Amino acid sequence: MILFTEKELKEINEKILLYYEENGRSLPWRDQGDFYSVWLSEIMSQQTRMEVVVDYYLRFKEALPEIEDLAQVEEGRLLKLWEGLGYYNRARNLKKAAQVLVNSPGPLPSTYEDLMALPGIGPYTAAAILSMVYHKPYVALDGNLIRVFTRLLAYEGDVGTAQSKRDLEDFGLSIIGQDPSSFNQGLMDLASAICRPKGQALCGDCPLKDFCQAYKKDQVEDFPVKAKKKPRKVVHRSLFLLTKRGRLAFRKRPKKGLLAGQWEIPGLDQALTLEDAKRILLERDIFYEEIQEGPSYKHIFSHVEWRIQSYLVDLKDLPLVRDSAGEERYFSSREIQEEVAVPSAFSPLVDFWMEREEKNEGRL
Ligand code: SF4
């Protein structure tokens, strides 16, 4: 599978390290390089662009500077710090792992097995920590490195399979050299600035072009090879912005599944017309002064797509909160801003409602 001579493998390594030395991005966790900084930044960077991560990272570290602070943080505050990054289980797992670390005697984990035993740490994050914190020879094989490696090798296998991951990891290990931290970070930076996806690769500027099989064959865009995914499930949702006296209704989602345990705008998994919506509210003894259509949009998760139609419902009065467990609540704008981590699936609705509230206040 490895197509290069020993000498070429060494040259590829040197080109990557030189690229990192001359072009490496300046990122706050890189200056620190300690366990907590690398771990946090790697978890935040999953599914999120690096420019976005930097602000979140700085805010998070300022609020929770030590692993002990993370272990003790109250869940609402944690999710507020994470608001907008999505995939909130990542934040919950960070806290769970911090609690394990704080309650374990001895030094922080520094082996693959010990890291993989922590909540939320998978092969990629374990490899990133081992290489960047402990300088051990592990390849942090994420989508970026997969792109560069499959192009260098013109690798034909489907990158979704375990065999492909093993092949690409072996290739990475054959070029990793004596500085695994700079190697992985250099490749991450090169993947993001030069070996870019979707027709944006800047091969002319690439230090690896003399070795790159895909470039030589003029097939850069054919790699990585990915088997077609199943289409996403489409769910039609009708959501109700139930409002009165500057407050908006939220309810907690079920403890398991999508957006588990988070606040949501209440509604039903059905496409309702305005007439249906009126009928359903009255059937549930929810009396309103006025109802009108609100924003409609799509929100895409990895396996599900929500097609949302909202209805803005000016209630006759705030219903008594029926549920003593606090699973349904009416929040003011200030409370939403300070206390509620609004999942991005509902942000357009909350923004819409807040804008209307501001206008209403202006009129008073
Ligand atoms: S030559 Fe092009 S495809 Fe090959 S590694 Fe460099 S940027 Fe990627």
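Going by my numbering, the first residue of the sequence shown is number 34, and it counts up by one from there. For each residue, glycine too, the CB sits at the ideal point set by N, CA and C. Since this is a predicted model, take the numbers as computed values, not measurements.
**OP:** Out of G210, L281, Q233 and K198, state which residue places its alpha-carbon closest to the alpha-carbon of K259.
**Re:** Along the sequence shown, read from residue 1 onward, the residue named residue 259 stands at position 226. Taking only the C-alpha atoms, the option nearest K259 is K198.
Original post:
So which residues put a beta carbon under 7 Å from any heavy atom of the ligand SF4, going in chain order?
Top reply: V181, R184, L185, I227, C228, A234, L235, C236, C239, L241, K242, C245, A247, Y248 and V253
Original post:
Whose C-beta lies closer than 7 Å to the C-beta of W115 among residues of the same chain, with five residues either side of it excluded?
Top reply: Working through the sequence shown from its first residue, we reach residue 115 at position 82. Contacts found: Y121, A124 and A374.
Subject >> Nearest neighbour of G210, chosen from E394, K40 and R389 [CA to CA] >> reply: Your numbering for residue 210 matches position 177 in the sequence shown. The candidate whose alpha carbon is nearest that of G210 is K40.
**OP:** Just list the alpha helix (DSSP H) runs in the segment 130 to 207, keeping only unbroken ones of 4 residues or longer that don't cross its boundaries, in chain order.
**Re:** 145 to 149, 156 to 165 and 176 to 186
Subject >> Sequence-distant residues of the same chain with beta carbon closer than 6 Å to I208, five excluded per side >> reply: Here residue 208 is taken as the residue at index 175 of the sequence shown, counted from 1. Around I208: L42, I45 and N46.
**OP:** From the DSSP output, read off the bridge partner residues of Q303.
**Re:** As a working note, residue 303 is residue 270 in the sequence shown. Answer is none; Q303 lacks a bridge partner.
Original post:
Among L141, L111 and M221, which residue has its Cα nearest to the Cα of E54?
Top reply: The residue you call residue 54 lines up with position 21 of the sequence shown. Taking only the C-alpha atoms, the option nearest E54 is M221.
**OP:** Select from T144, K169, F283 and A234 the residue whose C-alpha is nearest the C-alpha of D251.
**Re:** Position 218 of the sequence shown, counting from 1, holds the residue named residue 251. Nearest C-alpha to D251: A234.
Subject >> Which of helix, strand or coil DSSP assigns to V375 >> reply: As a working mapping, residue 375 is identified with position 342 in the sequence shown. V375 falls in the coil class under three-state DSSP.
**OP:** Can you tell me which of the three DSSP states V383 falls into?
**Re:** Taking the sequence shown and counting its residues from 1, the one referred to as residue 383 is at position 350. It is helical.
Subject >> Residue range of the beta strand (DSSP E) that includes S365 >> reply: As a working mapping, residue 365 is identified with position 332 in the sequence shown. Element bounds for S365: E361 to S365.
Subject >> Which of helix, strand or coil DSSP assigns to R317 >> reply: Numbered from its first residue, the sequence shown carries residue 317 at position 284. If DSSP states are grouped into helix, strand and coil, R317 belongs with coil.
**OP:** Give every residue of the same chain whose Cβ lies closer than 8 Å to the Cβ of R286, excluding the five residues on either side of it in the sequence, and list them in chain order.
**Re:** Working through the sequence shown from its first residue, we reach residue 286 at position 253. The answer, listed in chain order, is L292, A293, G294, Q295, W296 and E297.
**OP:** Can you tell me which of V267, L241 and R229 puts its alpha carbon nearest to the alpha carbon of E254?
**Re:** The count along the sequence shown starts at 1 and reaches residue 254 at position 221. For the residues V267, L241 and R229, the minimum Cα distance to E254 belongs to R229.
Original post:
When the distance is taken between beta carbons, is L134 closer than 8 Å to I100?
Top reply: Counting from 1 along the sequence shown, the entry for residue 100 is found at position 67. Counting from 1 along the sequence shown, the entry for residue 134 is found at position 101. Cβ atoms of I100 and L134: closer than 8 Å.
Subject >> Nearest neighbour of V268, chosen from D243, A304 and T194 [CA to CA] >> reply: The residue given as residue 268 occupies position 235 in the sequence shown. The shortest C-alpha separation from V268 is found at A304.
Original post:
Any idea what DSSP makes of I324, helix, strand or coil?
Top reply: The residue given as residue 324 occupies position 291 in the sequence shown. Correct three-state label for I324: strand.
Original post:
With respect to the beta strand (DSSP E) encompassing Y120, which residues constitute its N-terminal and C-terminal limits?
Top reply: Within the sequence shown, residue 120 is the residue found at index 87, counting from 1. Careful: Y120 lies outside any beta strand (DSSP E) and carries neither H nor E.
Subject >> Exposed unless 16 or more other CB atoms sit within 10 angstroms - verdict on F216 >> reply: The residue given as residue 216 occupies position 183 in the sequence shown. By the neighbour-count rule (16 or more Cβ atoms within 10 Å), F216 is buried.
**OP:** Take I319 as the anchor and find which of V71, L345 and F37 has the nearest alpha-carbon.
**Re:** Residue numbering aside, residue 319 sits at position 286 when the sequence shown is read from its first letter. Nearest of V71, L345 and F37 to I319, Cα basis: L345.
Original post:
Which of helix, strand or coil does DSSP assign to D309?
Top reply: Indexing the sequence shown from 1 puts residue 309 at position 276. D309: helix per DSSP, three-state reduction.
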